[in-house]
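Let me begin by presenting the structure, written as structure tokens, before commenting on it.
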Amino acid sequence: MRVGCAARTDNDAVTKVRMAHPMVDVLSVSVFYASRGLVVIMPALFVAGPGMLELLKLLQDGRFHSGEALGAQLGISRSAIWKQLQGLEAEFGVEVFKVPGRGYRLASPMVLLDVERISRSAPGLHWPILVRSSVDSTNAEIFRRLDAGTPAPFVLMAERQTAGRGRRGRVWASPFAENLYCSLVLRVDGGMSQVEALSLTVGLAVARALQACGVEGARLKWPNDVLVDGRKISGILLELAGDPADVCHVVIGIGINVNMTFDAPGVIDQPWTSVRQCLGRAIDRNDLAVELLLQLHDCLSVHWQHGFAGLREQWEALHAWRGRSVALTAGSNATLGVVLGVDERGAIRLNVDGVDRAFSGGELSLRLQQ
Ligand code: BTN
Numbered sequence: 027m028r029v030g031c032a033a034r035t036d037n038d039a040v041t042k043v044r045m046a047h048p049m050v051d052v053l054s055v056s057v058f059y060a061s062r063g064l065v066v067i068m069p070a071l072f073v074a075g076p077g078m079l080e081l082l083k084l085l086q087d088g089r090f091h092s093g094e095a096l097g098a099q100l101g102i103s104r105s106a107i108w109k110q111l112q113g114l115e116a117e118f119g120v121e122v123f124k125v126p127g128r129g130y131r132l133a134s135p136m137v138l139l140d141v142e143r144i145s146r147s148a149p150g151l152h153w154p155i156l157v158r159s160s161v162d163s164t165n166a167e168i169f170r171r172l173d174a175g176t177p178a179p180f181v182l183m184a185e186r187q188t189a190g191r192g193r194r195g196r197v198w199a200s201p202f203a204e205n206l207y208c209s210l211v212l213r214v215d216g217g218m219s220q221v222e223a224l225s226l227t228v229g230l231a232v233a234r235a236l237q238a239c240g241v242e243g244a245r246l247k248w249p250n251d252v253l254v255d256g257r258k259i260s261g262i263l264l265e266l267a268g269d270p271a272d273v274c275h276v277v278i279g280i281g282i283n284v285n286m287t288f289d290a291p292g293v294i295d296q297p298w299t300s301v302r303q304c305l306g307r308a309i310d311r312n313d314l315a316v317e318l319l320l321q322l323h324d325c326l327s328v329h330w331q332h333g334f335a336g337l338r339e340q341w342e343a344l345h346a347w348r349g350r351s352v353a354l355t356a357g358s359n360a361t362l363g364v365v366l367g368v369d370e371r372g373a374i375r376l377n378v379d380g381v382d383r384a385f386s387g388g389e390l391s392l393r394l395q396q
């Protein structure tokens with residue numbers, strides 16, 4: 027594995043990390059959790075390949091299917107179906123009921139990401155969309171595909187991430203078929219000024235997508251967290267590849283907690299919520315994925331034409347912490363102030379001892395003071 031240097035822009039939460047070694051979806055040990063309260067920790071050597079996902083698609087209606095019928099539909103034997111079902115349980119924590127004489131059915135119906143449906147519902151984007159059952163990280167997978175020559179732009183979503191990456195080296199909890207893990211890669215020709223404040227623009231798109239799906243309380247925390255009542259519902263990780271002064275690629279990684287209702291102990295270290303918790307019901311992730319891509323497309327078009335200045339007012343309208351007392355930290359240094367807003371370059375403006383000051387940089391982090 028090659029891991030390059032980390033470079034951050036002045037004014038944005040952009041990190042450059044290159045991982046150029048292909049990884050396969052074969053796990054020697056699986057440790058995971060699922061929303062239905064099932065915890066599985068067992069040795070496994072299953073390939074999370076398309077076959078398993080195809081089987082899951084046949085089962086996702088929640089009805090009984092005989093092994094014979096499933097085998098006929100997938101063109102494999104009943105014993106191969108049995109093996110795949112074991113793989114589903116061990117690898118993804120998907121609970122399957124087996125009833126003699128009736129066949130198999132999922133303990134709870136689930137709706138998988140449907141690439142055709144998403145592409146059909148978001149025409150005119152011209153972003154090819156790929157959906158994988160399991161990757162380490164959708165951002166990392168995009169870097170590998172760029173290295174292999176896949177041209178940008180394209181979108182990659184996964185049903186699960188085994189090493190979802192958060193900001194500042196954190197892990198992003200990514201259970202199977204519960205949330206959205208989505209990365210979009212774009213080619214940037216205009217140098218670093220193009221990506222200035224890009225993460226704020228992406229945050230706005232995410233908040234708008236959530237609102238369109240009924241999460242009216244979605245608000246923005248500088249630079250790019252999306253919160254509902256102070257709890258994080260979405261995080262964004264921008265990573266750059268190439269020469270930032272010339273032609274480069276920006277990978278926009280977005281995680282949205284959608285139907286997750288509990289987290290494995292110790293995985294998430296901050297207050298969080300999900301769309302399901304906000305609405306009191308599960309939603310179809312395909313609808314949110316479509317809305318997300320459409321809002322991203324809209325916001326990015328404005329960004330490329332006018333920069334963040336063209337979106338600043340909308341961002342401010344959803345600003346969670348305006349007027350609040352905060353501590354702005356960079357490493358061990360903290361600056362105390364009251365949030366005034368964001369400027370046209372996406373910097374956070376604080377009133378510090380009566381002086382209006384603007385701060386920017388990927389290492390900065392905001393915390394509320396009481
Ligand atoms: C944060 O820490 O707030 C940023 C979290 C970003 C998570 C997303 S999920 C899709 C993409 N792939 C990753 O590995 N990370 C981002």
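Okay, so the sequence shown: first residue is 27 according to the numbering used here, each after it adds one. Positions of the beta carbon are idealized from the N, C-alpha and C atoms, including for glycine.
- C304: member of the alpha helix (DSSP H) spanning V301 to L305, first to last residue.
- The ligand BTN has a heavy atom closer than 8 Å to the beta-carbon of A189.
- Per DSSP, E94 is one residue of the alpha helix (DSSP H) stretching across G93 to L100.
- With respect to V125, F90 sits close: the two C-beta atoms are nearer than 9 Å.
- Within the DSSP bridge table, the entry for I374 names V368 and F385 as partners.
- Nearest C-alpha to E142 among A343, N312 and C325: N312.
- At least one heavy atom of the ligand BTN lies closer than 8 Å to the C-beta of C208.
- Residues L100 of the same chain have their beta carbon placed closer than 8 Å to that of E80, with the five preceding and five following residues left out of the count.
- Nearest to A231 by C-alpha distance, out of L210, G216 and W298, is L210.
- In this structure, the beta-carbon distance from G192 to G261 falls below 9 Å.
- Closest option to L82, judged by alpha-carbon separation, among E185, E370 and R194: E185.
- According to the DSSP assignment, C325 belongs to the alpha helix (DSSP H) that extends over R311 to H332.
- Look at the beta carbons and you see the segment 281-300 not touching the segment 333-340: under three pairs across the two are nearer than 8 Å.
- Collapsing the DSSP output to three states places M183 in a strand.
- For the pair F202 and I294, the Cα-to-Cα distance works out to about 16 Å.
- Not one heavy atom of the ligand BTN lies closer than 8 Å to the C-beta of I155.
- Per DSSP, the continuous alpha helix (DSSP H) segment holding F169 begins and ends at T164 to D173.
- By the Cβ rule, the segment 360-375 does not count as touching the segment 260-280, because fewer than three pairs are nearer than 8 Å.
- For the segment 223-248, the full-length beta strand (DSSP E) segments reaching 3 residues or more read 244-247 along the chain.
- Of the residues assessed, S219 falls on the exposed side of the cut-off, its CB having fewer than 16 other CB atoms within 10 angstroms.
- With respect to L305, I282 sits apart: the two C-beta atoms are not nearer than 9 Å.
- Taking 8 Å as the cut-off, one finds at least one heavy atom of the ligand BTN near enough to the beta carbon of I262.
- Cα atoms of F169 and V352: separation of roughly 36 Å, rounded to the nearest angstrom.
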